[in-house]
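There are 2 protein chains.
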Amino acid sequence: MYIESIESPKDLKKLSTQELSALACEIREAIIKKVSACGGHLGSNLGVVELTIALHYVFDAPADKFVFDVSHQTYCHKILTGRKDAFLYEDQYKTVTGFSNPLESEYDLFTIGHTSTSVSLACGLAKARDLTGGKENVLAIIGDSSLDGGEAFEALNYAAELNSGLIVVINDNEMSIPENHGSLGRHLTELRESHGKCSDNFFRSIGFEYHLVENGNDIPSLITELSKTKGTDHPVAVHVCTQKGKGYAFAEENKEKWHWARPFNRDTGEFLSSVPKENYGSIISEHLLDLISKDPKLTVIAASTPICIGFDSEKRKRAGKQYIDVGIAEQNAVTMAAAIAKGGCKPVFATNSTFIQRAYDQIEQEMCIDQCPATMIVTHASVYGHFNDTHTGVYDIPLLGNIPGLTYLAPSNKEEYISMLDWSVSQNKVPVAIRVPWTGVTHADYDIPADYSKIAYKTVYKGKKVCFIALGGFFELGRRAADLFAEKTGIQPTLIDPMFISGVDEAALDGLTTDHEIVITLEDGILDGGFGSKIAGYYSDKSMKVLRFGFSGKIPRVYVPTDLMQKNQLTEKQIVERVLEIQ
Amino acid sequence: MYIESIESPKDLKKLSTQELSALACEIREAIIKKVSACGGHLGSNLGVVELTIALHYVFDAPADKFVFDVSHQTYCHKILTGRKDAFLYEDQYKTVTGFSNPLESEYDLFTIGHTSTSVSLACGLAKARDLTGGKENVLAIIGDSSLDGGEAFEALNYAAELNSGLIVVINDNEMSIPENHGSLGRHLTELRESHGKCSDNFFRSIGFEYHLVENGNDIPSLITELSKTKGTDHPVAVHVCTQKGKGYAFAEENKEKWHWARPFNRDTGEFLSSVPKENYGSIISEHLLDLISKDPKLTVIAASTPICIGFDSEKRKRAGKQYIDVGIAEQNAVTMAAAIAKGGCKPVFATNSTFIQRAYDQIEQEMCIDQCPATMIVTHASVYGHFNDTHTGVYDIPLLGNIPGLTYLAPSNKEEYISMLDWSVSQNKVPVAIRVPWTGVTHADYDIPADYSKIAYKTVYKGKKVCFIALGGFFELGRRAADLFAEKTGIQPTLIDPMFISGVDEAALDGLTTDHEIVITLEDGILDGGFGSKIAGYYSDKSMKVLRFGFSGKIPRVYVPTDLMQKNQLTEKQIVERVLEIQ
Chain A
2 MYIESIESPK DLKKLSTQEL SALACEIREA IIKKVSACGG HLGSNLGVVE LTIALHYVFD
62 APADKFVFDV SHQTYCHKIL TGRKDAFLYE DQYKTVTGFS NPLESEYDLF TIGHTSTSVS
122 LACGLAKARD LTGGKENVLA IIGDSSLDGG EAFEALNYAA ELNSGLIVVI NDNEMSIPEN
182 HGSLGRHLTE LRESHGKCSD NFFRSIGFEY HLVENGNDIP SLITELSKTK GTDHPVAVHV
242 CTQKGKGYAF AEENKEKWHW ARPFNRDTGE FLSSVPKENY GSIISEHLLD LISKDPKLTV
302 IAASTPICIG FDSEKRKRAG KQYIDVGIAE QNAVTMAAAI AKGGCKPVFA TNSTFIQRAY
362 DQIEQEMCID QCPATMIVTH ASVYGHFNDT HTGVYDIPLL GNIPGLTYLA PSNKEEYISM
422 LDWSVSQNKV PVAIRVPWTG VTHADYDIPA DYSKIAYKTV YKGKKVCFIA LGGFFELGRR
482 AADLFAEKTG IQPTLIDPMF ISGVDEAALD GLTTDHEIVI TLEDGILDGG FGSKIAGYYS
542 DKSMKVLRFG FSGKIPRVYV PTDLMQKNQL TEKQIVERVL EIQ
Chain B
2 MYIESIESPK DLKKLSTQEL SALACEIREA IIKKVSACGG HLGSNLGVVE LTIALHYVFD
62 APADKFVFDV SHQTYCHKIL TGRKDAFLYE DQYKTVTGFS NPLESEYDLF TIGHTSTSVS
122 LACGLAKARD LTGGKENVLA IIGDSSLDGG EAFEALNYAA ELNSGLIVVI NDNEMSIPEN
182 HGSLGRHLTE LRESHGKCSD NFFRSIGFEY HLVENGNDIP SLITELSKTK GTDHPVAVHV
242 CTQKGKGYAF AEENKEKWHW ARPFNRDTGE FLSSVPKENY GSIISEHLLD LISKDPKLTV
302 IAASTPICIG FDSEKRKRAG KQYIDVGIAE QNAVTMAAAI AKGGCKPVFA TNSTFIQRAY
362 DQIEQEMCID QCPATMIVTH ASVYGHFNDT HTGVYDIPLL GNIPGLTYLA PSNKEEYISM
422 LDWSVSQNKV PVAIRVPWTG VTHADYDIPA DYSKIAYKTV YKGKKVCFIA LGGFFELGRR
482 AADLFAEKTG IQPTLIDPMF ISGVDEAALD GLTTDHEIVI TLEDGILDGG FGSKIAGYYS
542 DKSMKVLRFG FSGKIPRVYV PTDLMQKNQL TEKQIVERVL EIQ
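Protein sequences appear in the order of chains A and B. Take any residue in the first sequence, count from 1 to its spot, add 1: that is its number in my numbering. Take any residue in the second sequence, count from 1 to its spot, add 1: that is its number in my numbering.
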C-alpha cells in the first residue's frame, strides 16, 4: 500500500505516475470505507482524488498555499498532509473534521464551510505575499457551481488588479448539490465540448489565462497542465473536468443523493438509517405542491439547497416552471423574490439558516423597505440543524429578528407551520420569514390561529408566579420545564407559545405583571440580540425578572447537540434549578 | 421650452429627434440648476439624460418596466414621468426624493439605494410576467461599476435560465464613485475600443446578445439600438457609453468630486458650504498614512467609498500599493481582509454602516471563526450619517454587535478613535470593528486606554442613584442629559463611556448595583437587538431598572436628523423627563 507511506506531500514526489494512480485507488477506497461508516461528503471527494494528488505533486504546500472552496472536498488533501490515519483506522475516524481546519494542520489555512469565498481568500493571501516579498504560489480550488455565488465573481473581477500571480482551479463536475443552474455552467459545457476553443471565453474576458484539463481524473494530464501555471505572475484559470462520485457506481449514477451521504451499505448503496417518515421536508414540500397546483402564481425558489424543504428531483419536476433554482446565490434569490411579489405573484424562498446570512442586505433593503409580500422559509435554524461552527443554525434570530418591517414567525409544531405559510402566501401586505422548528415534528394540542397580521402570543396554559415563554423548536422543552417546575413546587406556571420573533405582544406581557414575578424565555439560538433580549428589554423598566435561556456565542468547531444543550444549561432539569435559585 | 409640455413619456413620442435633443439640453439645465441649489447626485444624472429620453421614447413605461440600479441617476426619469415641476420650480424642489420611489409614481417600481440589485429585480419582474402571461419588456439599467457587485453577476448568470426576454442596459461612464477597478471595467474599455468586436465577449459568454452604443449621449443612435431589443424573447445586453458629468465643464473634468455635490456656485464650481476643517475623514486618513509610512504591512482597503475615511485621490496615491479598492464588492473586501491578516499583514477595511450589511456572512465566517486580526472601520453609523431609509446608519449595532468573536468598539471622541485603531493594528489576536462617531469631532477630557483586549467601561464621573451609559456618538448627549439631571434634581448621576458594543463589562455593571437604581443607555442606533438590550439583558434577573434610548425601526423615507432625534425622545430634555417619570 502506498497510502501508508505518505506522511506529507513530499512523499508523493518520489512516486511514478503509475504509482500515483495506484495511490488514487487506495485513497478512493479509504474514503468510501470511512464515509460508509461515518457519513460525509462522498461525491465531491471521490471526484477530486487525482486533482488533489496532482496539486500536491506539482506545488509545494505548505509554502505554496491552497484554499479549497467550501472545503467539503478536502478528504484526499487531509490524507496527503499527515492525516491519513483518520481515514484508515476506525478508532481515529473522529480525529479530523469534515472541512479544512487550521487547528488540525498547517496545510489548512482557513476554517471554511460556506461557498464562493476561496478566490477572495486567495487574493488576500496573494496580496499579503506581495506586500512581504514572498514568492509562493497561491491557489484557489473552486467547484463549478460555487462560481455562481456573487462573491466568487467579485474576487475573479478583482484578481487582475493584483498585477501578480494567482491560480484558480475550477473543479468542473457539472453539478451543484442538485443539478447545475445558470449560464456560466452552460458556458463551461461549451468549453468542454469545444476542447476549450469556443468563442467568448468567460475567463479570458475578465483577464485570466485559460487552461483546460479535459480528463481531470487523469494524473499525467493534470500534472502537465498544472506545471505550466507554477510561478505565474498573472491570474490563471485551470478548468479541470472531473467526474463527481468517481469510483463508486451508485454515486456516479445518482450524484445528488451521494453529494452528502449518511452511513451506508457499500454493496447495496442503501443508507443504514432512515429519515423519520414524518419530517418537515416531506410535510412542507407536499403542502407547497398542493398550493402550486391551485395557484399558478405561487413560485418556490431555492438556492441550490431545495432539499431543505424536501424538494427532491421528482418534486422539482412536478413544480415545473413554478420552481426556480438560482444556484448558490442567496442575494439574487431574495431580491428576485421581492420583485416576483411586486409583480403580483407569490414567491416562497427557502434556505438554511446558515446560508440566509448572505442575504441580510437584500432582506433589509429590497424585501422590507417596500414591504414586498414574499415568504422566506428558514430551515436548520437550530443547534440540531448542523454540527459545526461554520454551519450553526443559531444566529438567525439576532440577524433577521431585528430587521424593521420583517414579520419573523416561529412555529412550534406542524399545524402552526402550515397555518403560518398559508397565511403568508394569502396576504399581500408584508414580507414574512418562517423559522422551521428543527427539534422534530410535533403537533398542536391547542387551537392554532389563521391570521398572523398582529402580534399575539398564545397562552397554552395559564398559571401564576412564573411564566415560560418558549419559542419555536424549544416550545416542547419549555413545556417539559414548566411541568417539572409544577411538579417540584406545586405551583402551576404559565406556558406561552409566542409564535412571533419580531416585536413583542405588549398586552400579553403587561397582563403577566399582575400575578407573575419571573418570566423565563427559551430560544434555539444565541442569546445576544435574540428573542429573550426583546422580552428583557420590554420589562427593563418594570419589576418583572426575566431569565433567558439559549446559547452563548461559543460554538465548538464540531459538537454533539445534546452536549451543547447541557453545556448551555438547557435541559429541563437545569432550567428549573436555575429558576428555583433566583426565586 | 419642450420640458414644460412633458406630462408623461407619451408626450416624448410626439417630438422629432432634433426636438428630443433640445429637450435634453433643457433637462440638463434643470438638473444643474436644482442640484446647485439643493445638492445631489450630479455627474451620473448628467450622463444619462439622452439614454433616459431614448428609453422612454422606445419603450412604453409603465407597462414596460424600468429598474434603475442604485437609482441615484433617475432625475431625468422623474422629469419625464410627471415630476418635472420638482426640478423646475424652487418651491417644489423637495416634492421628490433623490432615489426611485414608488410612493411618488407608478413609474418607480422599487425604493432603491444600494448597488447591483437591478438585474435581480428585473429577473423577478420578468418571472412574474411569464407566470401571469404578460408581454411587457423588462429592463435593468445598471452602471459599469455596479456590475462589480456580486449580486449583479448572480443575476446575469441566472438570466439565461428565464428562457425569456430581459434587457440589461449597461451605462458605461468609465467611473465608479472614484476611478473604476476590476477587470470587467478593463474589458468594457476593450469593447469600446474595438467597436464591440474584441474577442472573448463577457456578455456573450454568459448567454446575452450584445449591442453597443458607442455614443451614448446621441439620441438617434440610442433609439436605433434600443429599438432592436424591444420585444426580445431572450437576454440582451446593451452597452451604452456615456460621459459622466456631461454638459457641466467642472463635472466633466473632475468626475469624482461631482459624483455627489453639495450646493454650489455654477459659475465657479465652488461648493457653497465647506466641510468642518476638523473632521474624522481628514483625521483618520492622515493617521493611516502615517501608519502606512511606518509599516509596509499595513494595507487600507476600500469598496468604492474611500472618501468615508478621507482617502481622496491624492491620499490614495500616497498610500501606493498599500491601498486597495476592490470596487463595489464588500464581500470580497472583508474576505480579502481576513486573508491578508492571515498572511501576516495588517488590513484596515473601511466602509459606510449601510454598505457593510452586504458582508455579514463574511464577517461572521471568514473574519470571526478563525479570529483573523483585521480591522474594520464603520463610518456614517449614525442617524446623522445619511438622511433616507435606504441609507440608514442605525442598523449596524444589532448586525455586528451580536457576532460571536467580533470586538466591536465605539469611540466617542478623536482620541479614543485613534487609540482604538492603534491598538487594533498592533495586536494579532482578534478581528476588530470600530464604529466612528458621526455627531461631530469631540475631544476626550479624561484618560484614554491604550489596550482594548478586555472589556472595561470608562467611568467619566462617579455619582449615585442614576447612571448614564452613553455609547459612542451619543456620549456627549449622555453627558448633557446627566448634567441636566444633576441641575434639576441636585443629584450627581454617574456617567460612563462604555467604548465596547460587543459584550458588557460585568464588573462595572455589578458595581452599580450597590448605589444605583436606574441605568440609562443611549445609542445612535435602533433599540432592537442593540447595545441597551445587552445591558437590559444583563440586569434582567436583578432589581436594576434600565431605560434604553435609541431609535425605533420606523425610519421615514427622507428625514432631518434633528427631527428624528426629537421624535424618538432623544433630546437631553426629553431624556431627563422620562427618567424623572420613572423614578
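All C-beta atoms in this analysis are idealised placements derived from N, C-alpha and C, irrespective of residue type, glycine included.
Could you check how far apart the C-beta atoms of residue 151 (chain B) and residue 183 (chain A) are, in whole angstroms? I think they sit under 8 Å. Your numbering for residue 151 (chain B) matches position 150 in the second sequence. Your numbering for residue 183 (chain A) matches position 182 in the first sequence. The pair is not a contact, with the Cβ atoms about 13 Å apart (cut-off 8 Å).
Going by DSSP, what residue range makes up the alpha helix (DSSP H) through residue 382 (chain B)? As a first step, residue 382 (chain B) is located in the second sequence; it is residue number 381 there, counting from the start. Per DSSP, residue 382 (chain B) belongs to no alpha helix (DSSP H) and is neither H nor E.
Taking 7 Å as the threshold (beta carbon to beta carbon), is residue 372 (chain B) in contact with chain A? Taking the second sequence and counting its residues from 1, one reaches residue 372 (chain B) at position 371. By this cut-off, residue 372 (chain B) is not an interface position.
Is residue 323 (chain B) buried or exposed, if buried means 16 or more other CB atoms sit within 10 Å of its CB? Counting from one through the second sequence, the residue named residue 323 (chain B) turns up at place 322. Counting the other CB atoms within 10 Å of its CB gives residue 323 (chain B) a total of 16 or more, which places it among the buried residues.
Taking residue 348 (chain A) as part of the beta strand (DSSP E), name the residues at either end of that continuous run. Against the first sequence, residue 348 (chain A) aligns to sequence position 347. Run containing residue 348 (chain A): 347–353, per the beta strand (DSSP E) assignment.
Check each candidate in A:574, A:558, A:569 and name the one with the smallest Cα separation from residue 97 (chain A). Working through the first sequence from its first residue, we reach residue 97 (chain A) at position 96. It is A:558 whose Cα lies nearest to the Cα of residue 97 (chain A).
Tell me where the beta strand (DSSP E) around residue 172 (chain A) begins and ends. What you label residue 172 (chain A) is simply residue 171 of the first sequence in a count that begins at 1. Segment 167–173, the beta strand (DSSP E) holding residue 172 (chain A).
If the cut is a Cβ gap below 8 Å, which residues of chain A does residue 346 (chain B) touch? Position 345 of the second sequence, counted from the start, is the residue given in the question as residue 346 (chain B). Going along chain A in sequence order, the residues near residue 346 (chain B) (Cβ under 8 Å) are 128, 129, 132, 133.
Member of A:265, A:282, A:234, A:281 whose CA lies at the smallest distance from the CA of residue 274 (chain A): As a position in the first sequence, residue 274 (chain A) is number 273, starting the count at 1. For residue 274 (chain A), the nearest C-alpha among the options comes from A:265.
Any residues in the stretch 361–395 of chain B with a beta carbon nearer than 8 Å to a beta carbon of chain A? Which ones, in chain order? Cβ contacts with chain A come from 361, 362, 363, 365, 366, 367, 370, 371, 390, 391.
What's the gap between the Cα of residue 122 (chain B) and the Cα of residue 337 (chain A)? Within the second sequence, the letter at position 121 stands for residue 122 (chain B). Within the first sequence, the letter at position 336 stands for residue 337 (chain A). Residue 122 (chain B) and residue 337 (chain A): Cα-Cα distance of roughly 5 Å.
Please name the residue in A:26, A:425, A:500 whose C-alpha comes closest to that of residue 248 (chain A). As a working note, residue 248 (chain A) is residue 247 in the first sequence. The shortest C-alpha separation from residue 248 (chain A) is found at A:26.
Could you give the residue range of the beta strand (DSSP E) that holds residue 236 (chain B)? To locate residue 236 (chain B), count along the second sequence from 1; it is residue 235. Start and end: 236–242.
I need the boundaries of the beta strand (DSSP E) containing residue 212 (chain B), first residue and last residue. As a working mapping, residue 212 (chain B) is identified with position 211 in the second sequence. Boundaries of the beta strand (DSSP E) harbouring residue 212 (chain B): 210–214, taken from the DSSP string.
Measure how close the beta-carbons of residue 239 (chain B) and residue 349 (chain B) come, nearest whole angstrom, since I'm counting them as under 8 Å. As a position in the second sequence, residue 239 (chain B) is number 238, starting the count at 1. As a position in the second sequence, residue 349 (chain B) is number 348, starting the count at 1. Not really, about 39 Å apart at Cβ, beyond 8 Å.
Hey, how far is the Cα of residue 50 (chain A) from the Cα of residue 551 (chain A)? Residue 50 (chain A) sits at position 49 when you count from the first residue of the first sequence. Residue 551 (chain A) sits at position 550 when you count from the first residue of the first sequence. Annotation: residue 50 (chain A) to residue 551 (chain A) spans about 41 Å, alpha carbon to alpha carbon.
Contact the stretch 136–145 of chain A vs the stretch 79–93 of chain A: 3+ CB pairs below 8 Å: The stretch 136–145 of chain A makes no contact with the stretch 79–93 of chain A, as fewer than three CB pairs between them are under 8 Å.
For residue 299 (chain B), write down the residues that DSSP places opposite it in a beta bridge. Residue mapping note: residue 299 (chain B) aligns to position 298 of the second sequence, counting from 1. According to DSSP, residue 299 (chain B) bridges with B:347.
Would you identify the three-state DSSP class for residue 108 (chain A), choosing helix, strand or coil? Against the first sequence, residue 108 (chain A) aligns to sequence position 107. Residue 108 (chain A) falls in the coil class under three-state DSSP.
Where do the N-terminal and C-terminal ends of the beta strand (DSSP E) with residue 462 (chain A) fall, by residue? Translated into positions along the first sequence, residue 462 (chain A) becomes position 461. For residue 462 (chain A), the uninterrupted beta strand (DSSP E) segment begins and ends at 459–462.
Considering residue 549 (chain B), what are the terminal residues of the beta strand (DSSP E) in which it resides? If you number the second sequence from 1, residue 549 (chain B) lands on position 548. Here the beta strand (DSSP E) through residue 549 (chain B) covers 546–552.
Identify whether residue 468 (chain B) lies in helix, strand or coil by the three-state DSSP scheme. As a first step, residue 468 (chain B) must be located in the second sequence, where it is residue number 467. Correct three-state label for residue 468 (chain B): strand.
Have a look at residue 110 (chain A) and residue 573 (chain A) and give me their C-alpha separation to the nearest angstrom. One-based indexing of the first sequence puts residue 110 (chain A) at position 109. One-based indexing of the first sequence puts residue 573 (chain A) at position 572. Approximately 40 Å, taken between the alpha carbons.
At 7 Å on the CB atoms, spell out the chain A contacts of residue 359 (chain B), in chain order. Walking along the second sequence from the start, residue 359 (chain B) turns up at place 358. What residue 359 (chain B) touches in chain A: 362.
Under 7 Å between C-beta atoms of residue 472 (chain A) and residue 524 (chain A): As a working note, residue 472 (chain A) is residue 471 in the first sequence. As a working note, residue 524 (chain A) is residue 523 in the first sequence. Yes, they are a contact pair.
Which of helix, strand or coil DSSP assigns to residue 502 (chain B): As a first step, residue 502 (chain B) must be located in the second sequence, where it is residue number 501. DSSP places residue 502 (chain B) in coil when its eight states are reduced to three.
Using a Cβ distance threshold of 8 Å, determine whether the stretch 518–532 of chain A contacts the stretch 449–460 of chain A, with at least three qualifying pairs required. Too few Cβ pairs lie closer than 8 Å, so no.
Rounded to whole angstroms, what's the CA-CA distance from residue 99 (chain B) to residue 392 (chain B)? Just pull it up for me. For the purposes of this step, residue 99 (chain B) is identified with residue 98 of the second sequence, where counting begins at 1. For the purposes of this step, residue 392 (chain B) is identified with residue 391 of the second sequence, where counting begins at 1. Cα to Cα, residue 99 (chain B) sits roughly 12 Å from residue 392 (chain B).
Which of helix, strand or coil does DSSP assign to residue 424 (chain A)? Here the question's residue 424 (chain A) lines up with position 423 in the first sequence. Correct three-state label for residue 424 (chain A): helix.
With 8 Å as the limit, tell me which residues of the stretch 179–203 of chain B have their beta carbon closer than that to any beta carbon of chain A; keep them in chain order. So the list reads 182, 183, 184, 185, 187, 188, 200, 201, 202, 203, given in the order they occur along the chain.
Please name the residues in the stretch 207–224 of chain B whose beta-carbon is closer than 7 Å to at least one beta-carbon of chain A, in chain order. So the close ones are 207, 208.
Report yes if the C-beta distance between residue 561 (chain B) and residue 262 (chain B) is below 7 Å; otherwise report no. Reading the second sequence from its first residue, position 560 is the one you call residue 561 (chain B). Reading the second sequence from its first residue, position 261 is the one you call residue 262 (chain B). Not closer than 7 Å, so no.
Please name the residue or residues paired with residue 261 (chain A) in a DSSP beta bridge. The residue you call residue 261 (chain A) lines up with position 260 of the first sequence. According to DSSP, which records beta bridges pairwise, residue 261 (chain A) is partnered with A:42.
Is the CB of residue 242 (chain B) under 7 Å away from at least one CB in chain A? Position 241 of the second sequence, counting from 1, holds the residue named residue 242 (chain B). Not closer than 7 Å to any Cβ of chain A, the Cβ of residue 242 (chain B) fails to qualify, so no.
Residue 226 (chain A) to residue 218 (chain A), Cα distance in whole Å? Translated into positions along the first sequence, residue 226 (chain A) becomes position 225. Translated into positions along the first sequence, residue 218 (chain A) becomes position 217. Looking at the two C-alpha atoms, the distance is approximately 13 Å.
Could you give the residue range of the beta strand (DSSP E) that holds residue 436 (chain B)? Within the second sequence, numbered from 1, the residue matching residue 436 (chain B) stands at position 435. Start and end: 433–436.
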